[in-house]
Amino acid sequence: MKTFLLWILFAALIWLSNAEKIEETSIPGESTKSESNGVVETSSRKLASTPKKRRKRYAYKLPWRKDEFTYSILKYTRDLPARVQEGVFGKAFNIWHEAAPQLKFKFKRNEPKADFKISFVRGAHGDAQAFDGRGPLIAHVYAPEDGRMHFDDDEWFTDKSRYGTNLLSAAVHEVGHALGMGHSRKKSSMMYKLYRKYRGKDVELDSDDIKGITKLYRIRPSDRGNPNCKDKNRRMCENYKEMGYCAAEYKAVMKEYCQFTCGLCDS
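If you use full-length UniProt numbering, the sequence shown corresponds to residues 1 to 267, in order.
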């Protein structure tokens, strides 16, 4: 009887998750230029709200409800060869994958239905946040689970150069936002509010970024080497846990659907 009731609850939460998804994809995130207008999450200018707990400098919002993603560049910039741009974004996504191995990313060329849709655009480009020409805004992205990532094509994007705007640095920052990360208060973090210039060193995440993404996607240190330890629906499983369904009596069902949240990956 308990198992039957759990299945009913599971179906109900799936319906609620789908309803939430429609709302999230139709209402973009916040704007760096004006947080009050509820438009988009933009790159590196205004500090997002962060919890006031000590030593917790990263900020995060809501994650995606899945772990495997596709991404595509729908409109390229003329600043760099297409293959170079694909390589840069591939590296940006891989940097986050290395911090959280459960997150997997696959490139699809010219795929409008990809999870993350990257475009280089200018000025007013069809959403509520127009770009402002060269500087100070570099890019903006929509919060999960929309996936649109817009880069201001009036910037001069470069690769491994001290001149212009380093595309990899901007891409890593924006991918973090697209995954649900907010701005960090730590200056050495890739998610710090200000753009990081290229100084001859490879781009890498700070420990603060890693703590943020693992907290957001609930990846424990012991699970980082086990990419198969995952839930079927992360947010739904979190609700289950709060309601007490990670108890031993529901183990059989929860191991199939919420093994990560309930700590059943190795059981």
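We treat Cβ as the ideally placed atom computed from N, Cα and C, and that holds for glycine.
Per-residue burial, residue i [other beta carbons within 10 Å of its own, 16 or more giving buried]
i              : result
lysine 148     : First, the amino acid is wrong: residue 148 is arginine here, not lysine. Classification for arginine 148: buried.
aspartate 132  : exposed
methionine 190 : buried
glutamine 259  : buried
arginine 65    : buried
alanine 82     : exposed
methionine 243 : exposed
lysine 201     : exposed
glycine 135    : exposed
Length of the line joining the Cα atoms of residue i and residue j
i                 : j                 : result
residue 270       : alanine 114       : Absent from the structure is residue 270, since the part of the chain shown begins at 1 and ends at 267.
alanine 178       : valine 141        : 6 Å
glycine 29        : histidine 173     : Below a pLDDT of 50, predicted positions are generally treated as unreliable, and glycine 29, at 33, falls in that range; the measurement from the model is reported next regardless. Glycine 29 and histidine 173: Cα-Cα distance of roughly 16 Å.
valine 203        : threonine 214     : 19 Å
leucine 168       : alanine 124       : 24 Å
threonine 261     : serine 188        : 31 Å
arginine 196      : tyrosine 163      : 12 Å
asparagine 233    : glutamate 256     : 11 Å
alanine 171       : tyrosine 240      : 35 Å
phenylalanine 107 : arginine 185      : 31 Å
aspartate 231     : tyrosine 250      : 15 Å
isoleucine 219    : leucine 194       : 27 Å
aspartate 127     : glycine 87        : 27 Å
isoleucine 210    : serine 161        : 26 Å
alanine 252       : cysteine 229      : 16 Å
glycine 180       : phenylalanine 116 : 12 Å
Which listed residue (the options) has its alpha carbon closest to that of residue i
i                 : options                        : result
serine 207        : Glu68, Ser161, Leu74, Glu98    : Glu98
isoleucine 118    : Ala92, Gln102, Pro63           : Ala92
phenylalanine 157 : Gln85, Pro63, Lys251, Leu74    : Gln85
alanine 248       : Gly90, Leu205, Gly212, Leu264  : Leu264
isoleucine 73     : Glu145, Gln129, Phe151, Lys241 : Phe151
arginine 109      : Ala128, Phe89, Gly126, Asp127  : Phe89
glycine 212       : His183, Glu238, Cys229         : His183
Sub-8 Å separation of residue i and residue j beta-carbons
i             : j              : result
tyrosine 198  : asparagine 166 : yes
tyrosine 245  : methionine 254 : yes
threonine 70  : glutamate 111  : yes
lysine 104    : glutamate 155  : no
leucine 216   : proline 63     : yes
valine 121    : aspartate 153  : yes
leucine 205   : isoleucine 138 : no
aspartate 146 : leucine 80     : no
Beta-ladder partner(s) of residue i, from DSSP
i                 : result
asparagine 166    : Thr158
tyrosine 250      : Tyrosine 250 pairs with nothing; no bridge assigned.
threonine 214     : Note: threonine 214 sits in no beta bridge, so no partner.
threonine 70      : Lys106
tyrosine 192      : Ser184
valine 121        : Asp152
lysine 255        : The partner list for lysine 255 (beta bridge, DSSP) is empty, contrary to what the question assumes.
phenylalanine 116 : Tyr71
Any non-hydrogen atom of the ligand ATP within 7 Å of residue i CB
i                : result
phenylalanine 89 : This structure simply doesn't include the ligand ATP, nor any ligand for that matter.
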